[in-house]
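Data block below; observations after.
Protein chains: 4
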Amino acid sequence: MSRNITLEQAENIIEACKVEANSIGQPMNIAVVDDSANLVAFVAMDDTKLIGADISQKKALTAVYFQTDTRELVPLVQPGAALYGIESTTGGRLVVFAGGVLLRTSDGTIAGAVGVSAGTVDEDHQVAEAGRKAFVG
Amino acid sequence: MSRNITLEQAENIIEACKVEANSIGQPMNIAVVDDSANLVAFVAMDDTKLIGADISQKKALTAVYFQTDTRELVPLVQPGAALYGIESTTGGRLVVFAGGVLLRTSDGTIAGAVGVSAGTVDEDHQVAEAGRKAFVG
Amino acid sequence: MSRNITLEQAENIIEACKVEANSIGQPMNIAVVDDSANLVAFVAMDDTKLIGADISQKKALTAVYFQTDTRELVPLVQPGAALYGIESTTGGRLVVFAGGVLLRTSDGTIAGAVGVSAGTVDEDHQVAEAGRKAFVG
Amino acid sequence: MSRNITLEQAENIIEACKVEANSIGQPMNIAVVDDSANLVAFVAMDDTKLIGADISQKKALTAVYFQTDTRELVPLVQPGAALYGIESTTGGRLVVFAGGVLLRTSDGTIAGAVGVSAGTVDEDHQVAEAGRKAFVG
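Protein chains in written order, with the numbering used here: chain A, 22 to 158; chain B, 22 to 158; chain C, 22 to 158; chain D, 22 to 158.
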């Protein structure tokens with residue numbers, strides 16, 4: 022299998038996320054997946070929260086599955102909105118709040134995603150975004 | 022086991038769905054199930070979203086299980102409504118928004134369902150509806 | 022997401038499998054997955070066995086996950102052999118007997134797999150093999 | 022939560038495993054868990070097998086859960102042996118063959134485990150062992 026993202030690229034992304042997480046003083050769980058949501062690399066920073074190991078991976082998966090950042094799903098899954106109830110499907114693997122960001126190569130092809138979890142959803146997104154900026158695909 | 026829908030019928034339905042999906046420029050996941058919600062045929066069109074592989078099959082299952090199009094469930098599952106929370110049951114196999122349509126034979130017997138996923142819920146329903154129109158049971 | 026296998030290629034594979042299945046009089050479940058084991062196309066031939074819908078998809082997944090035909094796993098998973106007990110892992114998604122065959126492009130890259138189920142394991146493999154021969158990647 | 026293993030230690034272990042994996046020409050999935058089997062770090066080397074992402078993590082978990090290297094379980098789980106069938110328990114999270122090794126601090130306290138998967142079981146163990154040697158806890 023050839024991936025649209027290499028381990029080296031994933032490690033660079035994680036490194037950038039760690040720098041950002043340290044800068045805000047929030048140790049994070051950080052997951053990078055490929056364009057089919059297969060896990061490429063993961064780290065749990067010291068003193069992070071256990072919940073984030075699972076959630077960070079699922080945020081990355083969700084971004085790939087929907088081809089969008091997970092925070093874009095927030096309005097769509099509220100009561101009365103178009104995708105209300107969707108998080109019950111797909112074997113409980115979807116996360117419908119912020120912290121998963123999509124990675125695209127320079128030509129727009131989906132390369133994978135970064136998922137971050139342990140802080141507030143805004144912090145999670147901010148740290149994931151730092152990872153995205155570090156990606157040169 | 023004899024089904025109320027043949028593979029040839031299912032393939033015709035999928036063909037009609039593909040034509041409709043192409044006409045609106047949205048590559049779809051399309052699933053056809055029989056009257057017990059067993060999968061008869063499935064296709065993932067090129068460049069579709071991964072989320073739709075699971076969701077399209079579950080939309081078709083949900084239509085058969087409730088004997089109705091899935092969009093009819095939307096008002097029933099909202100907070101305060103009669104079936105609020107139902108999507109958590111059945112092992113997460115229910116989808117409670119549009120895109121699953123019920124197939125009936127000319128005498129009204131349930132033959133199966135079509136589930137479509139990857140576009141907006143309205144697009145999904147539209148493409149599934151094209152499949153239903155192609156069904157002569 | 023771009024796949025190493027198109028829907029048209031998957032449909033050609035399934036067509037070849039159906040011809041082979043008809044030639045031996047055994048209606049089959051036939052699944053084609055991409056190189057990350059995402060489902061691309063599936064058919065259940067009329068009068069096939071229900072067990073095969075699940076098993077055919079898992080055979081294809083297993084071939085991709087192990088980068089080999091599933092029948093190669095048979096000696097490895099027997100009592101006392103190297104991978105004894107492996108089928109309990111991976112959420113019950115592995116099938117460790119014949120019927121899943123790996124698809125490679127002409128340059129050797131993994132493109133996906135075909136999984137077939139409903140006959141004897143030899144029949145399943147034979148029908149999957151017919152699909153592989155029809156694949157020009 | 023404080024762990025008996027830091028992320029930096031886990032990353033050193035993974036680095037040593039990668040060197041060993043490269044030396045034998047087998048790209049691996051490598052997982053490091055803490056003394057409660059929580060995932061600390063994971064990498065999938067380029068061109069590895071997808072099966073190993075799940076299995077490597079479960080090998081590490083199994084080593085921690087049993088407080089032993091996973092290859093020690095092999096004779097115990099064979100037909101007629103004391104733990105026959107145990108891999109079906111624990112939600113399918115146990116791997117009962119080689120490739121998971123236990124990490125202990127210098128005073129003998131369990132610190133976590135390394136799990137490796139994608140090669141033969143002997144290769145997997147060898148690469149995990151290289152990670153253990155790199156651990157100074």
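Even glycine gets a Cβ: it sits at the ideal position worked out from N, Cα and C. In this text the structure is predicted, and so the values were computed from the model without any measurement.
Query	Result
Find the nearest neighbour of K80 (chain A) within the set A:G101, A:G113, A:D128, A:K154, judged by alpha-carbon distance.	A:G113
Chain B partners of F156 (chain C), CB-CB under 8 Å?	Those within 8 Å of F156 (chain C) in chain B number zero; the least Cβ separation is about 16 Å.
Using DSSP with H/G/I as helix, E/B as strand and the rest coil, what is S138 (chain A)?	strand
From the beta carbon of Q99 (chain B), is the nearest beta carbon of chain A less than 8 Å away?	yes
How long is the line joining the alpha carbons of C38 (chain A) and L97 (chain A), rounded to whole angstroms?	27 Å
From the DSSP output, in three-state form, read off L97 (chain C) for me.	helix
Which residues share a DSSP beta bridge with N50 (chain B)?	B:A65, B:S138
State buried or exposed for A139 (chain A), treating a residue as buried only when at least 16 other CB atoms are found within 10 Å of its CB.	buried
Determine, for L71 (chain D), whether the minimum Cβ-Cβ distance to residues of chain C falls below 8 Å.	yes
The alpha helix (DSSP H) with V117 (chain D) in it runs from where to where?	Unbroken run through V117 (chain D): none, as it is neither H nor E.
Whole angstroms is fine: what's the gap from D128 (chain B)'s alpha carbon to T83 (chain B)'s?	22 Å
Could you check whether the stretch 61-74 of chain B touches the stretch 57-68 of chain C, counting it as contact only if at least three pairs of C-beta atoms, one from each stretch, sit closer than 8 Å?	yes
So, with DSSP's three-state summary, where would you put M22 (chain C)?	Note that M22 (chain C) scores a pLDDT of 49, beneath 50, so its modelled location is shaky; the value from the coordinates is reported in the next line. Coil at M22 (chain C), not helix or strand.
From M22 (chain C) to V40 (chain B), what distance separates their C-alpha atoms?	Summary for M22 (chain C): the model assigns pLDDT 49, below 50, so the residue's position carries little reliability; its value from the coordinates is reported in the next sentence. M22 (chain C) and V40 (chain B): Cα-Cα distance of roughly 21 Å.
CA-CA distance, L124 (chain C) and E36 (chain D)?	33 Å
Count the other CB atoms, across all protein chains shown, that sit within 10 Å of the CB of Q30 (chain B); report buried if there are 16 or more and exposed otherwise.	buried
Okay, do the stretch 45-53 of chain C and the stretch 43-53 of chain A touch, 3+ Cβ pairs below 8 Å being the bar?	no
Around the Cβ of Y105 (chain D), are there at least 16 other Cβ atoms within 10 angstroms (buried) or fewer (exposed)?	exposed
Less than 8 Å between the beta carbons of V53 (chain A) and G133 (chain A), yes or no?	yes
If you reduce the DSSP assignment to three classes, tell me which class V122 (chain C) lands in.	strand
Which same chain residues end up closer than 8 Å to I72 (chain B) when comparing Cβ atoms and leaving out the 5 residues on each side of it in sequence?	S138, A139
Tell me the DSSP secondary structure of E32 (chain C) in three-state form.	helix
Quick check: V116 (chain C) and I51 (chain C), are their CB atoms within less than 8 Å of each other?	no
For A149 (chain B), does the three-state DSSP call read helix, strand or coil?	helix
Report all residues from its chain with a CB closer than 7 Å to the CB of T130 (chain D); omit the five preceding and five following residues, and keep chain order.	N25
What residues in its chain sit with their C-beta under 7 Å from that of E150 (chain C), if we drop five residues either side in the sequence?	V122
Please report how far the alpha carbon of A103 (chain C) lies from the alpha carbon of D55 (chain D), in whole angstroms.	26 Å
Taking Cβ-Cβ distances shorter than 9 Å, what residues in chain A pair up with V137 (chain B)?	Going along chain A, no residue has its Cβ under 9 Å from V137 (chain B), so there is no contact; the nearest lies around 14 Å.
Rounded to a whole number of angstroms, what is the C-alpha to C-alpha distance between K234 (chain B) and S57 (chain A)?	Coverage of chain B is limited to positions 22 through 158, which leaves residue 234 (chain B) absent and any answer about it impossible.
Taking only beta-carbon atoms, is N59 (chain C) less than 8 Å away from chain A?	yes
Looking at the C-beta of V148 (chain A), does it have a partner C-beta in chain B at a distance below 8 Å?	no
Nearest to L94 (chain D) by alpha carbon, out of D:V142, D:R153, D:T141, D:A119?	D:A119
Kindly list the residues whose CB is nearer than 8 Å to the CB of E108 (chain C), restricted to its own chain and excluding five residues on each side of it in sequence; keep chain order.	V98, L115, V116, V117
Who does D55 (chain C) pair with in a DSSP beta bridge?	C:G133
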